[in-house]
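Inspection log for the structure reproduced underneath, given as structure tokens.
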Amino acid sequence: MSIALPIVDHPKAARDFVNNVPRSHWHDDSLWFVRSKRDRQAQSIPEWEYLRETASAIKRHTIAKLPDYLQEFEASATRMGAVVHWASDASEHNAIVLNLLRNSGAHRIIKSKSMLTEECGLNEYLIEHGIDVVDTDLGERIVQLRGETPSHIVLPAIHIKKEEVGETFHQHLGTRKGEADPQVLTEAARGHLRGKFLEGEVGITGVNFGIAETGGIVVCTNEGNADLGVSLPRVHIACMGIEKLLPRFQDLAVFTRLLARSATGQPITSYTSHFHGPRDENSELHIVLVDNGRTKIRDSDTFRDALNCIRCGACMNTCPVYRRSGGHSYQATVPGPIGSVLGPAKNAKAHKSLPYACSLCGSCTDVCPVKIPLHHQLLAWRKELVGQRLLAWNKRVGMKAASFLFQHPKLFAFSGYWGRMALRILPKFLTHNRLNEWAIDRDLPEPPRQSFRAWYAENRGSETAEKTE
Amino acid sequence: MKNVALFVPCYIDQFFPNVAISTLQLLEKQGLTVHFPPSQTCCGQPMANTGCSADAAPVARKFVEMFSGYDAVVCPSGSCTSMIRTHYGDYFASDDEQFIRVRDSTFELCEFLVNQLGVRNMPGKFPHKVSIHSSCHGLRELRLGPCSEQMTPRENLLRVLLESLDEVEIMPITRTDECCGFGGTFAVTERETSVAMGVDRVQDHIAAGSEMMIAGDMSCLMHMQGLIRRRDMPLKVMHIAEVLQQAAGD
Amino acid sequence: MIAKNESVSGQASPSANRSRQTILDRLRGRTVEGPDLPEIDANRLVRFGDPIAQFQETLSFVGGQAHMVDSPQQIAEILGEIEVFANARRIASTFPEAVAPTVDLSEIKDPHDLSALDWTIVRGEFGVAENGAIWVDGATLPHRVMIFIAQYLAIAISRTQIVDHMHDAYARIGTPAPGFGIFVSGPSKTADIEQSLVLGAHGCRTLQVFLLP
Chain A
640 MSIALPIVDH PKAARDFVNN VPRSHWHDDS LWFVRSKRDR QAQSIPEWEY
690 LRETASAIKR HTIAKLPDYL QEFEASATRM GAVVHWASDA SEHNAIVLNL
740 LRNSGAHRII KSKSMLTEEC GLNEYLIEHG IDVVDTDLGE RIVQLRGETP
790 SHIVLPAIHI KKEEVGETFH QHLGTRKGEA DPQVLTEAAR GHLRGKFLEG
840 EVGITGVNFG IAETGGIVVC TNEGNADLGV SLPRVHIACM GIEKLLPRFQ
890 DLAVFTRLLA RSATGQPITS YTSHFHGPRD ENSELHIVLV DNGRTKIRDS
940 DTFRDALNCI RCGACMNTCP VYRRSGGHSY QATVPGPIGS VLGPAKNAKA
990 HKSLPYACSL CGSCTDVCPV KIPLHHQLLA WRKELVGQRL LAWNKRVGMK
1040 AASFLFQHPK LFAFSGYWGR MALRILPKFL THNRLNEWAI DRDLPEPPRQ
1090 SFRAWYAENR GSETAEKTE
Chain B
5 MKNVALFVPC YIDQFFPNVA ISTLQLLEKQ GLTVHFPPSQ TCCGQPMANT
55 GCSADAAPVA RKFVEMFSGY DAVVCPSGSC TSMIRTHYGD YFASDDEQFI
105 RVRDSTFELC EFLVNQLGVR NMPGKFPHKV SIHSSCHGLR ELRLGPCSEQ
155 MTPRENLLRV LLESLDEVEI MPITRTDECC GFGGTFAVTE RETSVAMGVD
205 RVQDHIAAGS EMMIAGDMSC LMHMQGLIRR RDMPLKVMHI AEVLQQAAGD
Chain C
193 MIAKNESVSG QASPSANRSR QTILDRLRGR TVEGPDLPEI DANRLVRFGD
243 PIAQFQETLS FVGGQAHMVD SPQQIAEILG EIEVFANARR IASTFPEAVA
293 PTVDLSEIKD PHDLSALDWT IVRGEFGVAE NGAIWVDGAT LPHRVMIFIA
343 QYLAIAISRT QIVDHMHDAY ARIGTPAPGF GIFVSGPSKT ADIEQSLVLG
393 AHGCRTLQVF LLP
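Residue numbers (my numbering), protein chains in the order written: chain A, 640 to 1108; chain B, 5 to 254; chain C, 193 to 405.
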């Protein structure tokens, strides 16, 4: 089912955020701070690059043999007493979850952070069907109360200032007007959400890792909200992308060493919970396996490695474009570098500006704990988009013209000569104006009298292209 | 190794010829015979980076033709060199020997001097407070130095050469390898972000007490110099080739 | 309330079986090359000269407090000096030699009834030096929620049971039994409000770790 998505114009969407210099700098500094913490953790492990290499190999191996591992997981998890469901796409996932809630007679659910459920639009779907949904991750709760979407996959409220959180909590939780102390605000959220935990009838979580060998699922949090959310109600629904699988229990060692260090610069999350089957004979554990486009990405030799992703967000923390333009400018469930690879895979037309929201600096590739060649994939997406005729016609024409010019050295030299001449002779208001996009913010370089090739012809060469200068 | 071709990026040929002249002179001082194949224009990176491989392909093929038959091809740009070494594979059969030979003998200037010629000491003095901008492609594609993301120890080849000059003072900046925001057409299509990135870089260098930003890629410098001039910021920029040549004193 | 056997497994319904088959067919329709599953070379892994010291240092870094003790009785003494413990009324403990519980967990049928717990004291199986984590075996917890719902948490381990890193940790757990197991590293925390670290998000506000002989 394809609903035409609005086309994201990243530069336009980013404009206000970037141009608000103090805010953009504040956002940039916050994320750079997280990146620095990551660096310190990485430096403390001599075998860091070995871990990355190993993690990448484990993931690529698993993705290659995914059908076998999924069946092994299903069998192991079922043996443990969990119930495994399969969903081809987002709407099936949502229907399965709703069905489970209907069968439990549940109307109030408590949720911990799951990018997969964001991707499927689960919250909106459940609310439409009369279910009360409470997101218990503090950052998620903040954006939920504000009617916003998360701007980062690990730090959902990174774009919000504490004063703004204070306003929201004053409105919804009754805290003192003007309160901005994070300690006080967190305490207020603790109290408010405690009530929700106790009232919740079903707990929904994501899955950080599923283990094929043992049928277990692992959920990592700092707040303890996922655990509170599933240790109280009798029913636990765990939503899992099919690529989240690992082959063996021991493989968790590599990933639990990399995940939190990459995501937030902590050696490990406060809680790393391992669930093998339901809590007791009166409880249920449902695992919903979701495809929703992952098999399609797996088909592609170029983009397959994007499935290695463990959703740590390190690429966002390091991306100079993301840091300055903010997660909302991507208008995609997952923003930043990995989001700019996944978005076009979902819908190339809607997300065609995202692979270009990138200076190809390569920092993302170097921080990725599972070695996804992100900036190369972004470049590959550009090629794809041009092939699908999604590049603006004026840019295509411009590139054709450039190609022609570069294949004709005499013409190139000739244009260069007259271009420089024009720059020297023409008044600044003609050469530097809004029609020349470069010159809106930058002065053009001083045009030299002589090009290098002309100098070379004069000073070194006998065989030269031309001596027009 | 005697016979070396000089590969001059298109914008250096037209707008910053002194960088190419300095490169030529540096190489000649090492006793090499340097030739500038006159029908060169561009490596095709602008088209390739926009995704227009069909437009980049003929340019790439002409390039390989033109630069065949030399012991080495040297280029004063990490970005353009990276195009040849990392991305040209898209346009040639994997067993195309002529391409492979060109690819494996194309070097950025600093890596050529240090790794290929074993030069670690450059003559002369450069009595200035300077700072280094590490251009992204040279850093993360060619690995011309250590990058802050990775824990692998590497030598910064530009720094090796710069440090060897007398009386130079290299000021440390806070973000040692953040991108300047040029990014090719990114500079225009994501204008505001590109400008913000460039201005932040310049401010980092100024705050470090530097008089001059030195880099191995003129594209980064061209972008930042444009911003510096427009906003009247107190920082000069210079390409490493020009620095080394100026220090040598002729 | 659906009992497990009659649960809506979805596997019974034809449309769910279709999706399962569709997904597996899509995956099998494409032969994908991948590397062999790598085995870890233990020689490349970090080793700590003094794992106990490393554990204490990292625990402190993640916001926990470590105490070296010679006996379970000392645990009660140290806790007794903490105001919030001295004033605590509802204490759950699976380590009665250290701290006597005031709540009889065997009487609790519904985990919701533990909502007013002040303190939980439990035993951990072992610690991990590289990250200050402690493995708690769910089988030792009458109600797993007690770890999260109490305002304050204390865990006791033997200081001789500290491994260097997670590879040794998982090897030590071996084949997981059905049920629950958790690595706890420091108290619950969040930095979701302007990256300001706040200890005590939804779970315990502080974590005391006692290192017995």
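Think of the CB as a built atom: it goes at the ideal place given N, C-alpha and C, for glycine as much as any other residue. Computed from a predicted structure; not experimentally measured.
Query	Result
Taking the CB atoms as reference points, tell me whether Leu-867(A) and Phe-914(A) lie closer together than 7 Å.	no
Give me the Cα-Cα distance between Ala-1104(A) and Pro-13(B), rounded to the nearest whole angstrom.	Confidence is the limiting factor: at Ala-1104(A) the pLDDT is only 45, short of 50, which leaves the residue's position unreliable, though a coordinate-based value still follows. For Ala-1104(A) and Pro-13(B), the distance between alpha carbons rounds to 16 Å.
Which residues, in chain order, does the stretch 861–872 of chain A contribute to contact with chain F at a C-beta distance below 7 Å?	Of the protein chains in the structure, A, B and C, none is chain F.
Should Phe-190(B) be flagged as near chain A, meaning a C-beta pair shorter than 7 Å?	yes
Any idea if Phe-1068(A) is buried or exposed, counting beta-carbon neighbours within 10 angstroms, 16 or more meaning buried?	exposed
Candidates Ser-715(A), Leu-1017(A), His-875(A), Gln-1089(A): which alpha carbon is nearest Gly-1058(A)'s?	Gln-1089(A)
Determine whether the beta carbon atoms of Arg-887(A) and Glu-852(A) lie at a separation below 7 Å.	yes
Using a Cβ-Cβ cut-off of 7 Å, state whether Asp-648(A) counts as contacting chain B.	no
Expressed to the nearest angstrom, what Euclidean distance is found between the alpha-carbon atoms of Val-238(C) and Glu-231(C)?	16 Å
Roughly how many angstroms separate the alpha carbons of Pro-334(C) and Arg-718(A), rounded to a whole number?	23 Å
Closer than 7 Å between beta carbons: that is the criterion. Which residues of the stretch 209–230 of chain C meet it against chain A?	Ser-211, Arg-212, Thr-214, Ile-215, Leu-216, Arg-218, Leu-219, Arg-220, Arg-222, Val-224, Glu-225, Gly-226, Pro-227, Asp-228, Leu-229, Pro-230
Report the residues of the stretch 680–709 of chain A with a CB closer than 7 Å to any CB of chain B, ordered along the chain.	Ala-681, Gln-682, Trp-687, Glu-688
Report yes if the CB atom of Cys-878(A) is closer than 7 Å to the CB atom of Val-841(A), and no otherwise.	no
If we count the other Cβ atoms within 10 Å of its Cβ and call it buried at 16 or more, is Glu-1097(A) buried or exposed?	exposed
What separation, rounded to the nearest whole angstrom, lies between the Cα atoms of Phe-190(B) and Cys-997(A)?	7 Å
Would you report the Cα separation of Val-869(A) and Ser-751(A), rounded to the nearest angstrom?	9 Å
What residues from the stretch 724–737 of chain A come within 7 Å of chain C, judged by C-beta to C-beta, listed N to C?	His-724, Trp-725, Ala-726, Ser-727, Glu-731, Ile-735
Taking any Cβ of chain A, which residues in the stretch 219–241 of chain B have a Cβ under 8 Å from it, in chain order?	Met-226, His-227, Gln-229, Gly-230, Leu-231, Arg-233, Arg-234
Would Pro-1084(A) pass as an interface residue toward chain B - the criterion being a Cβ-Cβ separation below 7 Å?	yes
Examine the Cβ distances between the stretch 149–158 of chain B and the stretch 190–208 of chain B and report whether three or more of them are shorter than 8 Å.	no
Tell me the DSSP bridge mates of Ile-274(C)?	Its beta-bridge partners do not exist; DSSP assigns none.
Name the chain B residues that come within less than 8 Å of Phe-1068(A), Cβ to Cβ?	The premise fails here: Phe-1068(A) is roughly 14 Å from chain B at the closest Cβ pair, so nothing lies under 8 Å.
May I have the straight-line CA-CA distance separating Ala-204(C) from Lys-816(A), to the nearest angstrom?	Caution applies to Ala-204(C), whose pLDDT of 48 falls short of 50 and renders its modelled position unreliable; the value that the coordinates give is listed next. Distance between the alpha carbons of Ala-204(C) and Lys-816(A): 54 Å.
Below 7 Å between beta carbons: does that hold for Arg-124(B) and Thr-110(B)?	no
Alpha carbon to alpha carbon, what distance is there between Pro-21(B) and Leu-209(B)?	This sequence places His at residue 209(B); Leu is not what is there. C-alpha separation (whole angstroms): 25 Å.
Less than 7 Å between the C-beta atoms of His-768(A) and Leu-739(A), yes or no?	no
Where does Asn-864(A) land, buried or exposed, given buried means 16+ other C-beta within 10 angstroms?	buried
For Phe-914(A), go through chain C and note every residue whose CB falls closer than 7 Å to its CB, in chain order.	Phe-372
In or out: Met-260(C) buried (at least 16 other Cβ within 10 Å) or exposed?	exposed
Under 8 Å, CB to CB, which of the residues in the stretch 874–889 of chain A have a partner in chain C?	Ile-881, Pro-886, Arg-887, Phe-888, Gln-889
Compare the Cα-Cα distances from Ala-145(C) to each of Ala-268(C), Leu-309(C), Pro-293(C), Arg-351(C) and report the closest residue.	Shown here, chain C extends from 193 to 405; a query on residue 145(C) therefore has no answer.
Along the chain, where does the beta strand (DSSP E) containing Asn-864(A) start, and where does it finish?	First-last for Asn-864(A): 864–870, but that is the alpha helix (DSSP H), not the beta strand (DSSP E).
By DSSP, does Asn-119(B) sit in helix, in strand, or in coil?	helix
Only counting the same chain, and skipping five residues up and downstream in sequence, which positions put a Cβ closer than 6 Å to that of Ile-977(A)?	Cys-948, Cys-954
Identify every residue that forms a DSSP beta bridge with Gln-400(C).	Gln-257(C), Ala-346(C)
Spatial neighbours of Met-242(B) within its chain, please: CB distance less than 6 Å, with the 5 preceding and 5 following residues excluded, ordered by chain position.	Met-216, Ile-218
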